[in-house]
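**Student:** Numbering (this note's numbering), first residue to last: 6 to 475.
1. Taking residue 224 as the reference, give the member of 218, 428, 199 and 354 with the closest Cα.
2. Which same chain residues end up closer than 7 Å to residue 266 when comparing Cβ atoms and leaving out the 5 residues on each side of it in sequence?
3. Which one or two residues does DSSP pair with residue 360 in a beta bridge?
4. Between residue 155 and residue 398, which are expected to be in contact by the criterion C-beta below 8 Å, what is the C-beta distance as a whole number of angstroms?
5. Should residue 347 be labelled buried (16 or more other beta-carbon atoms within 10 Å of its own) or exposed?
6. Which same chain residues end up closer than 7 Å to residue 248 when comparing Cβ atoms and leaving out the 5 residues on each side of it in sequence?
7. Terminal residues of the continuous beta strand (DSSP E) containing residue 170?
8. On the CB-based measure, 16 or more other CB atoms within 10 Å of its CB, does residue 243 come out buried or exposed?
9. For residue 70, collect the residues of the same chain with a Cβ closer than 6 Å to its Cβ; drop the 5 residues on either side in sequence, then sort them by chain order.
10. In whole angstroms, what separates the C-alpha of residue 476 from that of residue 309?
11. Short of 7 Å in beta carbon distance, which residues of its chain neighbour residue 429, apart from the five on each side in sequence? Order them along the chain.
12. Taking residue 120 as the reference, give the member of 81, 173 and 175 with the closest Cα.
13. Residue 69 by DSSP, collapsed to three states: which one?
14. Using a Cβ-Cβ cut-off of 6 Å (strictly less than) and excluding sequence neighbours within five positions of residue 205, which residues of its own chain qualify?
15. Taking residue 143 as the reference, give the member of 79, 381 and 284 with the closest Cα.
16. Helix, strand or coil: how does DSSP classify residue 440 here?
17. Between residue 271 and residue 290, which are expected to be in contact by the criterion C-beta below 8 Å, what is the C-beta distance as a whole number of angstroms?
18. Could you give the distance in angstroms between the alpha-carbon of residue 238 and the alpha-carbon of residue 160?
19. Going by the C-beta, is residue 360 closer than 7 Å to any heavy atom of the ligand COA?
20. Measure the C-alpha to C-alpha separation of residue 387 and residue 269 and round it to an integer number of angstroms.
21. Tell me the DSSP secondary structure of residue 291 in three-state form.
22. Quick check: what's the CA-CA separation for residue 423 versus residue 448?
23. Would you identify the three-state DSSP class for residue 184, choosing helix, strand or coil?
24. Shortest alpha-carbon distance to residue 90 belongs to which of 392, 110, 371 and 362?
25. Buried or exposed for residue 432, going by 16 or more other Cβ atoms inside 10 Å?
26. Which stretch, first to last residue, makes up the alpha helix (DSSP H) that contains residue 228?
27. Please classify residue 127 as buried or exposed, where buried requires at least 16 other C-beta atoms within 10 Å of its C-beta.
28. Distance, Cα to Cα, residue 374 vs residue 280?
29. In terms of residues, what are the limits of the alpha helix (DSSP H) holding residue 386?
30. Measuring alpha carbon to alpha carbon, tell me which residue in 45, 208 and 317 is nearest residue 166.
31. Measure the alpha-carbon distance for residue 465 versus residue 146 and round it to whole angstroms.
32. Does the Cβ of residue 184 have 16 or more other Cβ atoms within 10 Å, making it buried, or fewer, making it exposed?
33. Relative to the alpha-carbon of residue 405, which residue among 300, 212 and 131 has its alpha-carbon at the smallest distance?
34. What did DSSP end up calling residue 335 once you bin it into helix, strand or coil?
35. Going by DSSP, name the residue or residues bridged to residue 243.
36. Is the CB of residue 112 under 8 Å away from at least one CB in chain C?
Have a look at this one:
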C-alpha cells in the first residue's frame, strides 16, 4: 500500500491510498510505500495523453472572434469613396450645378469620412487596457480576450490550488484522555520527523510555527498506506488513519464521532495513540486562499449568474469548501474529461463561460471554455499555456477587477465609436448643405482622432483598488 499524489490528474488535495487492485493514473506521484504496477493501456490511451488531445480538440472548436470595427471599416471605406464620387459627379451632370463647388464638397466629404478616428479608437483602448491589466498582475494574451470577461454569465472554478492554497495545513488538534494539545503535537512531530508525506509536512510545519522541535522517535516503522509506529520517551506510540485505529482495535464511539465530524467538514484526520488509548486527533485540510469568500461575493455583484466548482477531490471536501465561500454549485470527483463535459453543459445553458484552474487536469476544460483563466504563479505550464488570461500573483481578488476592467474598456470603446461616427455624421450633413470647409474637415478629423486616443488612454489609470468603485 502507498499514498499516491493524484493532484496533477484529478486535483485531489490529499494523497489517495492505493491497495491491491486499485487503479493508477499515468502522471501521478507515488508516496512512501512501494507499489507494483501493471500497465493496462498503451501510452496513447493514458489519461495524460487524453488530456493533451482534449486541449487540441477544444481549441479547434473555438471560433475566431473578429473585431466589429474592422468589419465595419471594410464596408464603410468603399461606400464613402463611391459616395464622394457621386457627390462630385451627379449634381453637375443631373442638375447642372457647378463642377468646382461639388468637387470641393466631395474632397471635404472624403477628408471628414476618413475612418482614422474610428479605426484607431479600438486598438488604442485595447492596448491601454492590456497594459493596465499587466501592471496590475493580470496577463491577458491579446485584445480578443479583453472583451470576453464583460460578457461572462457563469464561472467554473477548480478547488485545489485555485480556491484553496493547494498545501495541506493543520486546522484542529483534539486532545483526548487527559493529554494536552502540545503533547499531541510533540508526539506527531517525533513520529513524522523523517517523513516526506504531505500530511507529515503539514504537521512538521505547524510544529515549527509553534517552536516545537521534537527529536525523531526511535524504532520507526512504516505501516504501508496506514501509518507509522515508533518509540517516544521509552513508550510505544503510533500515528495513522482512522482505519489504522480500527485495525488496532482501539476505536470507540467518542473517537469515531469526533473523527466523523471533522471528515464531514472536508478534513483529513490523523490519529495519535499509544498502547493504552487514543491520545488525540489532528485534522488537516487544504485551507482557503485569502479573500476567497469576498471574491465570490464580488463576482456575484459584478453580474455573474452562476459560479460552480469543478474538482476531482472528494465530495465531502468539495461541499465543505463551497459552502464556506458561497459557491452556487459543486461537481466533485471529476476526471479531466468530465470537466470538459460540464463546461459544455454550462456553455449551452449560459452562453459565455470562463474556467479558472491551475493544473494539468484543468487545461482541457480551460480550452473548451469561452475564456480560460490560469493561476499564473502556482499553475502548471500546461494550464498557463492553455489559458487566455493568467493571474500572475494568484490573487483571486483580481477576478472581480478583471470583470469591471473589461466592462469599462468596452464602454470606452463604445464611447469612442459613437463620438467618431457622430462627428462624421455632423460634417457629412454640413457638407451637403454647403457649410463645411476643407480646413474645418481636417481639424475635425484630426481633433476626433486625438480625442478618442486621449479617451482610450484613460484606461491606463485602471487599478485593482478601483474595482469596487466602478
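Cβ coordinates follow ideal geometry from the N, Cα and C atoms, glycine included.
**Tutor:** This is what the structure gives:
1. For this step, residue 224 is matched to residue 219 along the chain shown. Minimum Cα distance to residue 224 is reached at 199.
2. Taking the chain shown and counting its residues from 1, the one referred to as residue 266 is at position 261. Cβ within range, chain order: n/a, list empty.
3. Numbered from its first residue, the chain shown carries residue 360 at position 355. Beta-bridge pairing links residue 360 to 161 and 377.
4. Translated into positions along the chain shown, residue 155 becomes position 150. Translated into positions along the chain shown, residue 398 becomes position 393. With a Cβ gap of about 22 Å, residue 155 and residue 398 do not count as contacting.
5. As a first step, residue 347 is located in the chain shown; it is residue number 342 there, counting from the start. It is buried - the Cβ of residue 347 has at least 16 other Cβ atoms within 10 Å.
6. Here residue 248 refers to the residue found at position 243 of the chain shown. Closer than 7 Å at the Cβ level, and outside the excluded window around residue 248, lie 231.
7. Here residue 170 corresponds to residue number 165 of the chain shown, with the count starting at 1. Run containing residue 170: 169 to 180, per the beta strand (DSSP E) assignment.
8. Taking the first residue of the chain shown as position 1, residue 243 is located at position 238. Counting Cβ neighbours within 10 Å, residue 243 comes out buried, since at least 16 surround it.
9. In the chain shown, residue 70 corresponds to position 65, counting from 1. Any answer about residue 70 is weak, because its pLDDT of 33 lies below 50 and its placement is not dependable; what the coordinates show is given next. So the list reads 149, once near-sequence residues are dropped.
10. Here the chain covers residues 6 to 475 and nothing more, so residue 476 does not appear.
11. Within the chain shown, the letter at position 424 stands for residue 429. Excluding sequence neighbours, residue 429 sits near 117 and 118.
12. Sequence index remark: in the chain shown, residue 120 carries index 115 (1-based). Comparing C-alpha distances from residue 120 to each of 81, 173 and 175 shows the shortest one belongs to 81.
13. The sequence position of residue 69 within the chain shown is 64, counting from 1. In this predicted model, residue 69 has a pLDDT of only 39, less than 50, meaning its place in the structure is not dependable; the value taken from the coordinates is given anyway. Reduced to three states, the DSSP call for residue 69 is coil.
14. On the chain shown, position 200 is the one that residue 205 refers to. The answer, listed in chain order, is 197.
15. Working through the chain shown from its first residue, we reach residue 143 at position 138. Looking at the Cα atoms, 381 is the closest of the given residues.
16. The residue labelled residue 440 in the question sits at position 435 within the chain shown. The DSSP-derived three-state label of residue 440 is coil.
17. By one-based count along the chain shown, residue 271 stands at place 266. By one-based count along the chain shown, residue 290 stands at place 285. 6 Å between Cβ atoms; contact.
18. Taking the first residue of the chain shown as 1, we reach residue 238 at position 233. Taking the first residue of the chain shown as 1, we reach residue 160 at position 155. Here the alpha carbon of residue 238 sits roughly 53 Å from the alpha carbon of residue 160.
19. Summarising the ligand content, the structure contains no ligands, and the ligand COA is consequently not present.
20. Your numbering for residue 387 matches position 382 in the chain shown. Your numbering for residue 269 matches position 264 in the chain shown. Distance between the alpha carbons of residue 387 and residue 269: 33 Å.
21. Taking the chain shown and counting its residues from 1, one reaches residue 291 at position 286. Residue state, collapsed to three classes: strand.
22. Counted from its first residue, the chain shown places residue 423 at position 418. Counted from its first residue, the chain shown places residue 448 at position 443. Distance between the alpha carbons of residue 423 and residue 448 is about 18 Å.
23. Counting from 1 along the chain shown, the entry for residue 184 is found at position 179. Residue 184: coil per DSSP, three-state reduction.
24. Residue mapping note: residue 90 aligns to position 85 of the chain shown, counting from 1. Minimum Cα distance to residue 90 is reached at 110.
25. Here residue 432 is taken as the residue at index 427 of the chain shown, counted from 1. With 16 or more other Cβ atoms within 10 Å, it is buried.
26. Counting from 1 along the chain shown, the entry for residue 228 is found at position 223. Premise fails: residue 228 lies in the beta strand (DSSP E), 223 to 228, not in any alpha helix (DSSP H).
27. Numbered from its first residue, the chain shown carries residue 127 at position 122. So residue 127 ends up on the buried side.
28. Taking the chain shown and counting its residues from 1, one reaches residue 374 at position 369. Taking the chain shown and counting its residues from 1, one reaches residue 280 at position 275. If you take the alpha carbons of residue 374 and residue 280, they lie about 55 Å apart.
29. Along the chain shown, one-based indexing puts residue 386 at 381. Its alpha helix (DSSP H) spans residues 386 to 391.
30. Reading the chain shown from its first residue, position 161 is the one you call residue 166. Closest by alpha carbon: 317.
31. Here residue 465 refers to the residue found at position 460 when the chain shown is read from its first residue. Here residue 146 refers to the residue found at position 141 when the chain shown is read from its first residue. Roughly 17 Å between the two C-alpha positions.
32. The sequence position of residue 184 within the chain shown is 179, counting from 1. The residue in question, residue 184, is buried, as its Cβ has 16 or more Cβ neighbours within 10 Å.
33. Position 400 of the chain shown, counted from the start, is the residue given in the question as residue 405. Closest option to residue 405, Cα to Cα, is 300.
34. Counting from one through the chain shown, the residue named residue 335 turns up at place 330. In the three-state reduction of the DSSP assignment, residue 335 falls in the strand class, which pools E and B.
35. Along the chain shown, one-based indexing puts residue 243 at 238. Residue 243 pairs with 234 and 278.
36. The structure shown contains no chain C; it holds only a single protein chain.
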